[in-house]
Each structure stands twice: as C-alpha cells, then as structure tokens.
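Let me begin by presenting the structure, written as structure tokens, before commenting on it.
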Amino acid sequence: MTTTLTAPPQAANPLRAGIAVNRIGDPCSIVFFGASGDLMKRMLMPAMWNLRLGDILPANYAIVGFSRSPFSDQSFRDEMRKSVDEFSRSGLAKEPLWSDFANHVSYVSGPFDDTDAYKKLRDVLEHNDQQFGTAGNRLFYLSTPPSLFATIVGKLEDAGLGPHQNKTGWTRIIIEKPFGTDLDSARALQTEVSKVFDEKQIYRIDHYLGKEPVQDIMALRFANVIFEPIWNRRYVDSVQITAAETVGVEGRGGYYDNAGALRDMIQNHVMNLLALVAMEPPVNSGADAIRDEKFKVLSAVRPIDRARVMQETARGQYEAGSIGGKPVPGYREEPDVRPDSNTETYAAVKLQIDNWRWADVPFYLRSGKRLGHKMSEIAIRFRAIPHRLFGEAGEGLDNNVLVMKIQPDEGISLRFNAKVPGPKMHIRSVSMDFNYGTGFGVVSAPAYERLIGDAMRGDATLFTRWDAVETAWNIVMPVLDRWTATYDENFPNYAAGGQGPASSDRLLAADGREWRKI
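Just so you know, we're using this note's numbering here: the sequence shown kicks off at 193 and counts up by one.
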C-alpha cells in the first residue's frame, strides 16, 4: 500500500504546490554486493540513509552488505555511519533515527565464489522476513568488478536465492556498468545472467539517467507544444552532447587503462542521452513504451565504416597540466597506468541517424577527463534564419541554441537574438536561463536515490534494457576495434586543464562547425 506524505518545508516554492512524496510500496531486503567498496561508501549507503530520512523507504525494510572484508554487523554499521557523516547531503547522522536505521543493517562476509557464504546470506534474508516483515522481496545490487557479475548470479541460484526459487515475493537485480567490455563479452554476460533472471527482473543502472535534468528531457519535449514541432531535421542544424570532467582516473588506473573514455562514457552515459534527445514520442509513459523508442532510435544510428573511423572520430590522452591552478600529472604518470598506454582519456564521435526526423543532422558526442571545467550538457543548435531582414544590424548573428545543462548548474538555457536598447536597430545574442535550484526551491537529490527507489518499486523506466545495451555496443565496436588496432604515436596530445585534443576541433571544422567551449 502506498502512503502519501506532505511535502517537506523546503518545498514552499509555489511551483511545487500540491506535489506529494510517495512512500515506496513494497517491503523488501536490499543486498549490496561489494559493500566495502568506494561506491557503497560514497553513494549507495548515503542514498539509503537519505531515502530513510525522506520517509521514502517502506516501513518494512532491511539492508545487507556482502563483501570479502571481515566486518561484523556492528563494525559494518560503524563504517557506514562514517560514510553517511562524510558523504550524505543531509549531513551528520543523528540519533535516535540512526540507531533505528542501523538496526535494519546487517553484514555477510565471504568470497564471492563461496556457496556457503550465500547460504549464510539466505539465512539472513529469511531472518529479515521474520524480524522486519520484508515479505520475501529481495533486491540484489551488484557493486563489484564486472568480472564477478556472472559468478554472483550463479551462486545466488546455487544457494536457492534465484528469482524462480522465491515462492513468497519478488526478486530483482541491479547491475552496475559496464555491462561487458565489448559486444562479445556483453552478450556472454547477458547469456549467464539470463539463465537465472528474466529481463523484467534485471535493472542495468546508469546513474546519468537518475539526474533530474536528464529526466526532464522528455518533459521538455513532450509537455511543451513549442519544442516538439521544431525537433527535427527541418529546423535543427546539429546536436552536441558533452560529458567533460576535471578529474583524472582517481586511483582507478588499473580499471581505466583497460577501459578508456569510449567504453567508460560514450557507450553508456552519452549514448543514453542521445536516445532520449532523438527518440520518437512513446505511446505512453510506461517503462516499456519509453525503452521501445530508445531502442528504435539507437537501431537507426548509422554504423561508422571502419575505413572512416579516423575521419569521423577523435581521441586523446592528457599530459601534465594544471586544474584550478594546481599541477596534475599526465595520464601515463597515474598509478597503475602503463607508461606506454594507448588508452584514450578523451573520445569524440560524429554519428548520423538514418530516419525521417534526423536524416543529415550530425550528432557530435564527446567525453574526456582532465578538461578545463566539469560540464555535462546537451546543446541543440538550430539552423540559420533563411533571410537576413536587418542588413548590417543583423550581421554575425548566432544561431539559436537550446542547452540542457545536466551538471554542475542544472537547468535549461535558450540562446536567441534581440534588439539592443537604443534609437537604432542593433541585434545581439542573449540568453534566457532556467535553474532547477532557484526555479523549484529545492536541490535535486543524487541520482542513486531516485534509481534505488525506482528499483524497489519495480519501475524500470530509468534503467537500460538489453536490446539498447547490445545496440550501443554495436555502434561503438567499429571505433573500438580500429582504435585498439592502431597505436597513436601522438599520445599524450592534450594538456590537462584544456579543451581536449586538436583532432577533436578538426572533426567539427571539417563540417564548418565548432565545439561549444568547455
């Protein structure tokens, strides 16, 4: 049963009037595999705590951590409290609410390939059903290296914890990215996971999809009559999707050196943004209807001919430089990175969508580390006006641009041309800006809070279906194969703190366009 709560005091902004907060309906136990890892400490446990603070967790819930680290229940709770104190957006954990929350937290220690550890986990979950009334409902969250995904899924089945062995409630699984390291490995992983879980029980998480501005893409398109009629090749000149970071590999050199920007960002995060921007209107707002359209538009993306990869892509690797006035090392000087590494820390791709809406409209995708600013955005650049009415007064006018800002300044900006005040006709480009924080009087919750809550409710709208994952791998594989086979003698080829490699600028210059400044 769903309980409706009044909105919190911070929601006094009139734009939020009448908006209620819905408690998650189903009781359940959520098990975090890899519970001693960095993601658990920084994101997942703070998210669970904030869901509890917001009264969004069901009354009947339990949290179980599973990893190799030898914690007891109490020592694990102590570690999680430190994480909440340091990383939660709500600040220090306060009593007596923390003690009540911690009472719902337990821990299982053991190797991920040890059947006995999973049997112990089964006992803990059965105990939770009795003590906390979790009704046999189980959500497994795989926050581990991808090499362990298939092992964990198989061991769950061996211990009687598979979904088809659960006779009293539902069983679901959340799988972190990356889902595979290439097309073949993704298909192999899908084969193993689907032996135990049906597609409707698998929630492949992409935290970008939990960000408020990303969710707002569909609202912008389909809840406003002014945008959708011009959202097509007749009016749109080009689309730029950017995911720029100032950070380096942050101690993950071993992982990143076997991944790179194309695998780590373009294949999943950025490709999901492309799908939301370019898809057709779904028949309804249900998860399958939306994901059907995302799959269709990804299927219409033209494969890059392997012979043209170098003309339609750009890659880079950062060298030493400065970020915010502080010196930072080059990629090859990062811990656990090979001194002659050919791994790209910057990737840019030009894609074409072969359908009636988007024919001949280029989509430029880019992502990179150690760039000048942290910035994720989608920029829709509209075509030039067909006739210059104002002569010299209108010389050099900018094209209209609609920018959806995902981070850090969440909002929407529309660039248009207007008359400069004065006796003569002078036209200049100006901007109309909307900011989520000031517009709605509330700071957006971290993505993991929304996504974990949706998985507990069984809402898969913001999770990626297998057909879209497979299609995204199909799109990037010609690039990945060519880049892997070709050593770039120019690496490193951009300074930390800059705009990226010159080859990326040339990619757009060949079409008479240029990137938006990072």
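Backbone N, C-alpha and C define an ideal beta-carbon position, used for all residues, glycine too.
Count the other CB atoms within 10 Å of the CB of residue i; is the residue buried (16 or more) or exposed (fewer)?
i      : result
Ala610 : exposed
Pro201 : For Pro201, the predicted model reports a pLDDT of 43, less than 50, meaning its position is unreliable and no value from the coordinates is stated.
Asp719 : Residue 719 is absent from the model: the chain starts at 193 and stops at 710.
Pro519 : exposed
Arg629 : The sequence as given places Gly at residue 629; Arg does not occur at that position. Looking at its Cβ environment, which holds fewer than 16 other Cβ atoms inside 10 Å, Gly629 is exposed.
Ile604 : buried
Thr196 : Interpretation of Thr196 is limited by its pLDDT of 35, a score under 50 that renders its predicted location unreliable; no figure is taken from the coordinates.
Trp675 : buried
Ala652 : buried
Ala702 : exposed
Gly478 : exposed
Val671 : buried
Met617 : exposed
Leu289 : exposed
Glu681 : exposed
Gln712 : Coverage of the chain is limited to positions 193 through 710, which leaves residue 712 absent and any answer about it impossible.
Met624 : exposed
Val345 : buried
Thr307 : exposed
Glu271 : buried
Going by DSSP, what residue range makes up the alpha helix (DSSP H) through residue i?
i      : result
Ile409 : Glu404 to Phe414
Arg273 : Asp265 to Phe279
Ser533 : Careful: Ser533 lies outside any alpha helix (DSSP H) and carries neither H nor E.
Gly446 : Gly445 to Tyr448
Met457 : First-last for Met457: undefined, no H or E at that position.
Tyr310 : Thr307 to Phe324
Arg379 : Leu375 to Ser386
Trp241 : Met237 to Leu245
Trp290 : Leu289 to Ala294
Thr343 : Phe341 to Asp350
Identify every residue that forms a DSSP beta bridge with residue i.
i      : result
Ser430 : Arg573
Phe258 : Phe225 and Val300
Val493 : Ile545
Arg507 : Ala539
Thr363 : Arg330
Gly690 : Leu563
Thr656 : Arg396
Ser568 : Ala435 and Gln599
Tyr253 : Cys220
Would the beta-carbon of residue i fall within 7 Å of that of residue j?
i      : j      : result
Leu606 : Leu594 : yes
Gln457 : Ser559 : The sequence shown places Met at residue 457, rather than the Gln named in the question. Against a cut-off of 7 Å, the Cβ pair of Ser559 and Met457 comes out as a contact.
Arg573 : Asp429 : yes
Ala453 : Ala539 : yes
Leu245 : Ser282 : yes
Met471 : Lys486 : yes
Gln599 : Ser568 : yes
Leu563 : Ile433 : no
Ala342 : Glu384 : yes
His565 : Ile366 : no
Leu331 : Arg364 : yes
Ala639 : His399 : yes
Ser514 : Gly645 : no
Gly440 : Glu526 : yes
Ala380 : Phe324 : no
Pro474 : Ile482 : yes
Ala687 : Glu442 : no
Phe258 : Val300 : yes
Asp449 : Thr535 : yes
Ala327 : Pro219 : yes
Phe279 : Arg234 : yes
Asn592 : Phe582 : no
To the nearest whole angstrom, what separates the beta carbons of residue i and residue j, a pair I think is in contact under 8 Å?
i      : j      : result
Trp665 : Ala378 : 5 Å
Tyr333 : Phe414 : In fact, because the Cβ distance is near 31 Å, the residues do not count as touching under 8 Å.
Val493 : Leu543 : 5 Å
Glu706 : Pro405 : That pair is no contact at about 24 Å.
Tyr144 : Leu348 : Since the first residue of the chain shown is 193 and the last is 710, residue 144 is not available in this structure.
Tyr395 : Phe683 : Not really, about 37 Å apart at Cβ, beyond 8 Å.
Pro693 : Gly508 : 3 Å
Ser335 : Leu243 : At roughly 16 Å, the Cβ-Cβ gap does not stay under 8 Å, so Ser335 and Leu243 are not in contact.
Asn329 : Gly361 : 4 Å
What are the boundary residues of the beta strand (DSSP E) that includes residue i?
i      : result
Leu699 : Taken as a continuous stretch (DSSP letters only), Leu699 belongs to no beta strand (DSSP E), being part of the alpha helix (DSSP H) at Ala694 to Ala701.
Phe626 : Ile619 to Asn627
Asn609 : Gly603 to Lys611
Gln599 : Val593 to Gln599
Ile712 : Nothing in the structure corresponds to residue 712, since the chain is present only between 193 and 710.
Lys518 : Lys518 to Val520
Arg558 : Pro554 to Gly560
Ser282 : Taken as a continuous stretch (DSSP letters only), Ser282 belongs to no beta strand (DSSP E), as it is neither H nor E.
Gly513 : Gly513 to Ile515
Should residue i be flagged as near chain D, meaning a C-beta pair shorter than 7 Å?
i      : result
Trp675 : Among the protein chains of the structure shown there is no chain D, as only one such chain exists.
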